[in-house]
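Participant:
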Amino acid sequence: MDNLPKTWDDWIENFKTWQDNVGYDREWMGDFDLSIQFDWERAGDVIEFGDYAGRTKWERSLQVPQQSMRDALVSMITVQGDTEFASVEQQRHLLATAPTDYDRYAAARIMAEEQRHGWQMAYLLMTYFGQQGRREAQKLLERNAQDGDRLLGAFNRPMPHWLDFFCYTMFVDRDGKFQLGMLSTSAFKPLAASMGPMLKEESFHLGTGSNGLRRIIKAGVIPLDMLQRYINKWVSTAHDLFGVDGSSSAHWAYVWGIKGRWDERKKLEAGHEVSKETLNEEARQHYHEEIVAEVRKLCGYLPEGAADLYVPHENFHREIGHFKRQRYTVEGTLFEGSDDEWTTYIAEHLPTAQDEEDLKELFKQQWVAEKPMTARQIASGIGASV
Ligand SMILES: [Fe+2]
Ligand SMILES: [Fe+2]
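Position one of the sequence shown corresponds to residue 113 (my numbering), numbered consecutively onward.
(1) Please confirm whether any heavy atom of ligand 2 lies closer than 7 Å to the CB of Glu-314.
(2) Ligand 3 and Asp-285: does any heavy atom of the ligand fall closer than 7 Å to the residue's C-beta?
(3) Please name the residue in Glu-314, His-273, Thr-281, Phe-278 whose C-alpha comes closest to that of Leu-292.
(4) Going by Cα to Cα distance, which pick from Trp-364, Val-442, Ser-199 is closest to Gln-94?
(5) Please find out if some non-hydrogen atom of ligand 1 comes closer than 7 Å to the beta-carbon of Met-271.
(6) Leaving out five residues before and five after Leu-236 in sequence, what residues of the same chain have Cβ atoms less than 7 Å from its Cβ?
(7) Assuming the contact rule is C-beta atoms closer than 8 Å, Leu-275 and Leu-410 should be a hit. Round their C-beta distance to whole Å, please.
(8) Would you call the region 336-347 and the region 279-287 in contact, with 3 or more CB pairs under 8 Å?
(9) I need the straight-line Cα distance from Tyr-399 to Ser-322, nearest angstrom please.
(10) Should Leu-252 and Asp-194 be called a contact, given that it needs their Cβ atoms to be closer than 8 Å?
(11) When the Cα of Glu-153 is compared with those of Phe-161, Lys-169, Glu-139, which residue comes out closest?
(12) Just list the beta strand (DSSP E) runs in the region 345-416, keeping only unbroken ones of 3 residues or longer that don't cross its boundaries, in chain order.
(13) Using the DSSP secondary-structure output, state which residues sit across from Leu-264 in a beta bridge.
(14) If you follow the alpha helix (DSSP H) that Arg-286 is in, where does it begin and where does it stop?
(15) With DSSP collapsed to three states, give me the class of Phe-300.
(16) Could you tell me which residues DSSP pairs with Tyr-440 in its beta bridges?
(17) Below 7 Å CB to CB, which residues in the same chain sit around Leu-391 once its five sequence neighbours on both sides are set aside?
(18) Tell me which same chain residues have a C-beta within less than 8 Å of the C-beta of Glu-389, skipping the five on either side of it?
(19) Using 10 angstroms around the beta-carbon of Val-134, count the other beta-carbons present and answer buried if the total reaches 16, otherwise exposed.
(20) Contact check, Arg-430 vs Ser-348 under 8 Å by CB: the rounded distance?
(21) Is it buried or exposed for Pro-443, if we count other Cβ within 10 angstroms and need 16 for buried?
(22) Taking the CB atoms as reference points, tell me whether Leu-207 and Gly-493 lie closer together than 8 Å.
(23) Under 7 Å: does the beta carbon of Glu-201 sit that close to some heavy atom of ligand 1?
(24) Entirely within the region 197-276 and at least 3 residues each: give me those beta strand (DSSP E) ranges in chain order.
(25) Quickly, what does DSSP pair Val-158 with across the bridge? List them, please.
(26) In whole angstroms, what separates the C-alpha of Phe-435 from that of Glu-426?
(27) Within 7 Å: the Cβ of Glu-402 and any heavy atom of ligand 1?
(28) Determine the direct distance from the alpha carbon of Arg-247 to that of Leu-116, and round the result to whole angstroms.
(29) Using the Cα positions of Ser-180 and Ala-465, report the straight-line distance between them to the nearest angstrom.
(30) Straight-line CA distance for Gly-162 to Glu-376?
(31) Distance check for Ala-210 and Lys-483, CA to CA, integer angstroms please.
(32) Under 8 Å, do Met-294 and His-229 count as touching if we go by C-beta distance?
(33) Suppose you measure from the CA of Gln-477 to the CA of Gln-232; what does that come to, to the nearest Å?
(34) Starting from Lys-472, follow the alpha helix (DSSP H) in both directions and report where the run begins and ends.
(35) Helix, strand or coil for Arg-488, going by three-state DSSP, please let me know.
(36) What number of angstroms, rounded off, separates the C-alpha of Asp-151 from the C-alpha of Gly-308?
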């Protein structure tokens, strides 16, 4: 790595090269403020859980008691940052085919915000973790989703079109919300303090997803069984993002106070006992319940007589964990049929080559209902010059 950045300014220079390579024109950011943001108040001063609970939160990496804990922090910040830049690499090409002006604005804004999130993580690495951090901050700009070497599977998956994009923002960005929430109570204060502003931005991404899916239903062009297949694809991918079952790294991250449970503060207040062996499962369950509620809301917009949309079971189509590559149905039961029957089952429940072909025609119609832009959104200039 001959271009290892020494200062934050060096890193920014390399970031601009990354932007050029991805092809995200800086003008598309409009008046967006690409800056480092902390909410120190929300981060709190006292370690909230784990073996060090009650002590002062760490503000510098040298205050972190052990090297293994620093390594875990570096690894978590790196994974988070990696997803941020990866998503821009996955989405960038969609700007040219935005179905409406509003959607172009929304996608350009989401990509601007993901870049800021990536910056924020790179800043933590550059500022607090010495040579090791600088190396990781640089690698955030060198792995690439198109080459398939981003750290997590979902962030290497191609996102060929806007139906994928709406499902992705609905389901994969929502995984992000949970990850950020779990880091928001971290004992490492600069990490905890980074989460408030990021979570605020993330809520726009989720809104883009749920609103987009609602507008798809409203337009009535995409067949609902096809929509369901795309939901199944991205939900199972998002389930994977919560990591392996019985994770020891999640266990240690909790013991060390680095990463909490979802709603850690509420759980502490309510005296919920922690199950350190099943932290990933617990987070995945919370996520699952939330998307079930979200999809139920979507069903309220379906035409009369249409079958309800649903969320596939956690066991379906998994690439990680106990149910990895096993034949489970969308209801979560073991599939009993033959190989051929399984192939048919999968073609009914996950997108097919024919779906991709059919979508090309469907996209020529008004397949997602219009959404007017607000005066503020127009004035922002975000995405305007695409
Ligand atoms: Fe993000
Ligand atoms: Fe996001």
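The beta-carbon is built from N, C-alpha and C at its ideal position, and this holds for glycine as well.
Note that this is a predicted model, so its numbers are computed, not measured.
Facilitator: A quick look at the data gives this:
(1) Glu-314: yes, Cβ under 7 Å from ligand 2.
(2) No copy of ligand 3 appears in this structure; the ligands present are ligand 1 and ligand 2.
(3) The candidate whose alpha carbon is nearest that of Leu-292 is Glu-314.
(4) Outside the shown range of the chain (113 to 498) lies residue 94, about which nothing can therefore be said.
(5) For Met-271, the shortest C-beta to heavy atom distance toward ligand 1 is 7 Å or greater.
(6) A distance below 7 Å between beta-carbons, with the five flanking residues on each side excluded, links Leu-236 to the following residues of its chain, in chain order: Ile-189, Pro-302, Leu-303, Ser-306.
(7) That pair is no contact at about 14 Å.
(8) The region 336-347 vs the region 279-287: in contact.
(9) Each residue's Cα considered, the two are about 15 Å apart.
(10) In this structure, the beta-carbon distance from Leu-252 to Asp-194 falls below 8 Å.
(11) Cα-wise, what sits closest to Glu-153 is Lys-169.
(12) The region 345-416 contains no whole beta strand (DSSP E) run of 3 or more residues.
(13) DSSP lists no partner for Leu-264.
(14) Going by DSSP, Arg-286 is part of the alpha helix (DSSP H) stretching over 274-295.
(15) The answer is strand: DSSP assigns Phe-300 an E or B state.
(16) Bridge partners of Tyr-440: Leu-446.
(17) Contacts found: Ser-359, Ala-362, His-363, Tyr-366, Arg-373.
(18) The beta carbon of Glu-389 lies closer than 8 Å to those of Gly-358, His-363 in the same chain, with the five residues before and after it left out.
(19) Burial call: buried.
(20) Indeed, because the Cβ distance is near 6 Å, the residues count as touching under 8 Å.
(21) For the record, residue 443 in the displayed sequence is Glu; it is not Pro. The Cβ neighbour count for Glu-443, taken over all protein chains shown within 10 Å, is under 16; the residue is labelled exposed.
(22) The answer is no: Cβ separation not under 8 Å.
(23) For ligand 1, not one heavy atom lies less than 7 Å from the Cβ of Glu-201.
(24) Taking only runs of at least 3 residues, no beta strand (DSSP E) segment lies wholly in the region 197-276.
(25) According to DSSP, which records beta bridges pairwise, Val-158 is partnered with Thr-168.
(26) If you draw a straight line from the Cα of Phe-435 to the Cα of Glu-426, it is about 9 Å long.
(27) False, no ligand heavy atom lies under 7 Å from that Cβ.
(28) Approximately 6 Å between the Cα atoms of the pair.
(29) If you take the alpha carbons of Ser-180 and Ala-465, they lie about 46 Å apart.
(30) Rounded to the nearest angstrom, the two C-alpha atoms are 11 Å apart.
(31) Straight-line Cα distance between these residues: approximately 12 Å.
(32) It is not a contact, given that the beta carbons lie outside the stated cut-off.
(33) Distance from the CA of Gln-477 to the CA of Gln-232, rounded to the nearest whole angstrom, comes to 40 Å.
(34) It spans 465-474 - the alpha helix (DSSP H) in which Lys-472 sits, taken as one unbroken run.
(35) It is helical.
(36) Going by the C-alpha atoms only, they are around 6 Å apart.
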